[in-house]
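Taking the UniProt record's numbering, the leading residue of the sequence shown gets 1, the next gets one more, and so forth. What follows is a set of notes on a single structure, which appears directly below.
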Amino acid sequence: MSTTLASPRGSACDVLGASQRFIDLLPVAIYVCDRDGCIVRHNRSAAALWGREPSPQDRFCGSLALRAPDGTPMAHAHCPMANALRTGRAVSDAEVLIDRPDGETLFVLVNIEPIRDASGAVVGAVNCFRDITEQRRMHERQELLLREMDHRIKNLFALASGIVGLSARGAATPQETVEAARRRLEALARAHTLTLPGTGLSGEETRSATLAALVDTIVSPFVDPRAEEPRIVVDGPEVILGGGGLTSFALLLHEFATNAAKYGALSSFGGRVIISWRTDADTLHLAWREVGGPAPSGGEAAGEGFGSVLARSAVRSQLGGSLAREWRPDGLVVTLTARLDRLA
């Protein structure tokens, strides 16, 4: 529903009269444009969201720059206010991105009502908008957590299936199969617990605060004590993990082991994994090398699944390092770096 002016002047700013103090008290950002898009009135909340006072040359919006929700640049002449003035149609709950002079980007929700004179002609429009950046970020985090949960559940089912098959291999009796599967599933549960934020090791398991003990815990479901040669070789100096560093590394190693059990060296009877690391002044360098597994498929070598994207993001944002994968003829090699101060 459009706003109609009672004033015979038909000026857009007359919709609020001279009450600048009143609109400054409003908890929502608001501004008024005339029929040509010139900003004739705005309140302090609008200037605060824009991060600047609009200049006389600004039209349709006082922001430094605008973008569509997908990040595509949006010219001021094609923004929601410009469209409302051109078409005379109200805009309800439209999302736009505002780029501020300080480099911050805000998601805002805009609602625009055209202003008409007594004859019904559009003489301006009022835009009420508010910052929804935090709500958007919370929604994105929630979606990421749901995808991560779905990814983990699927991986656990796949691992459980693989562990049952691994336990049946070489078992002489059904009872041996049951016992081997039970031990491995219990080890898998302990390893999975380490990947949960806010959990860690206490009591007798405090030793797992070292990287070597964490690796042993994560890969223990795939160790066969009856094998003549170890399937998993671990080599590296003592590195203490704690807090977020422990959780982040547990997630990463769990992801590597899961992929190796589903597609790589641990899915093959003769496959092996060599995990080694070293440190320099301020950085941990870790290598996860698989040998003797099946040849990688084209899809595995060419693309990244959600787990790979999640792992790369965790290394970069939480550990201040890098992650790289190389598909060699004899198997996958993962190289990882992390800042030592982020681990403890």
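Beta carbons: idealized from backbone N, C-alpha and C, even for Gly.
For my contact list, residue i and residue j are in at a C-beta cut-off of 8 Å; report their separation, rounded to the angstrom.
| i | j | result |
| --- | --- | --- |
| arginine 272 | arginine 231 | 5 Å |
| valine 315 | leucine 252 | 7 Å |
| valine 96 | leucine 66 | 6 Å |
| threonine 72 | leucine 106 | That belief does not hold up - the Cβ atoms of threonine 72 and leucine 106 are roughly 16 Å apart, past 8 Å. |
| glycine 264 | glycine 293 | 5 Å |
| threonine 210 | threonine 283 | With 8 Å as the limit, threonine 210 and threonine 283 do not qualify as a contact, their Cβ atoms being about 18 Å apart. |
| arginine 52 | aspartate 24 | Going by Cβ atoms, the distance from arginine 52 to aspartate 24 rounds to 17 Å, so no, they are not a contact pair. |
| valine 91 | isoleucine 98 | Incorrect: roughly 15 Å between the Cβ atoms, too far for contact. |
| proline 101 | leucine 146 | Their Cβ separation, rounded to whole angstroms, is 36 Å, which puts proline 101 and leucine 146 out of contact at 8 Å. |
Can you tell me which of the three DSSP states residue i falls into?
| i | result |
| --- | --- |
| alanine 287 | strand |
| serine 208 | Its pLDDT being 38, under 50, serine 208 is placed unreliably in this model, and the value from its coordinates should be taken loosely. If DSSP states are grouped into helix, strand and coil, serine 208 belongs with the helices. |
| proline 221 | helix |
| isoleucine 23 | helix |
| leucine 97 | strand |
| leucine 266 | helix |
| valine 32 | strand |
| threonine 173 | coil |
| glycine 51 | coil |
| valine 178 | helix |
| arginine 147 | helix |
| glutamate 229 | coil |
| glycine 331 | strand |
| leucine 246 | helix |
| glutamate 238 | coil |
| alanine 261 | helix |
| alanine 324 | strand |
| alanine 46 | helix |
| alanine 338 | strand |
Take the Cβ of residue i as the centre, count every other Cβ of all protein chains shown within 10 Å, and call the residue buried at 16 or more, exposed below.
| i | result |
| --- | --- |
| phenylalanine 269 | exposed |
| serine 248 | buried |
| alanine 302 | Interpretation of alanine 302 is limited by its pLDDT of 46, a score under 50 that renders its predicted location unreliable; the figure taken from the coordinates is listed afterwards. That one is exposed. |
| proline 221 | buried |
| glycine 331 | buried |
| arginine 59 | buried |
| glutamate 228 | exposed |
| proline 27 | exposed |
| threonine 217 | buried |
| proline 56 | exposed |
| serine 202 | Bear in mind that a pLDDT of 41 at serine 202, under 50, signals an unreliable position, so the number given afterwards is only what the model happens to contain. When all chains shown are included, serine 202 counts as exposed. |
| methionine 149 | exposed |
| proline 174 | exposed |
| serine 208 | At serine 208 the pLDDT is 38, less than 50, meaning the model places this residue with poor confidence and gives no usable figure here. |
| methionine 138 | exposed |
| proline 80 | buried |
| leucine 144 | exposed |
| glycine 103 | exposed |
| glycine 242 | exposed |
| alanine 250 | buried |
| aspartate 117 | buried |
| glutamate 204 | Model confidence at glutamate 204 stands at a pLDDT of 38, short of 50, so the residue's coordinates are unreliable; what they give is reported in the following sentence. Counting Cβ neighbours within 10 Å, glutamate 204 comes out exposed, since fewer than 16 surround it. |
| alanine 77 | exposed |
| alanine 82 | buried |
| alanine 311 | buried |
| alanine 29 | buried |
For a quick check, are the C-beta atoms of residue i and residue j less than 9 Å apart?
| i | j | result |
| --- | --- | --- |
| alanine 257 | threonine 335 | no |
| isoleucine 115 | alanine 94 | no |
| serine 276 | valine 234 | yes |
| proline 129 | alanine 46 | The question names proline, but residue 129 is phenylalanine in the sequence shown. A contact, by the Cβ cut-off of 9 Å. |
| leucine 343 | leucine 323 | no |
| glycine 62 | tryptophan 50 | yes |
| leucine 125 | cysteine 33 | The amino acid at residue 125 is misidentified as leucine; the sequence shows alanine. Yes, the Cβ-Cβ distance between alanine 125 and cysteine 33 is below 9 Å. |
| arginine 289 | valine 333 | yes |
| arginine 35 | leucine 85 | yes |
| proline 329 | alanine 295 | yes |
| alanine 213 | glycine 236 | no |
Is there a C-beta anywhere in chain B that falls below 9 Å from the one on residue i?
| i | result |
| --- | --- |
| threonine 279 | This model lacks chain B altogether; it includes just one protein chain. |
Is residue i near the ligand MN, going by C-beta to nearest heavy atom under 8 Å?
| i | result |
| --- | --- |
| valine 91 | No copy of the ligand MN occurs in the structure displayed, which carries no ligand at all. |
Which runs of the beta strand (DSSP E) spanning at least 3 residues fall entirely within the region 54-137, listed in chain order?
Restricting attention to beta strand (DSSP E) runs no shorter than 3 residues, the region 54-137 encloses them at 65-67, 91-99, 105-116, 122-131, ordered along the chain.
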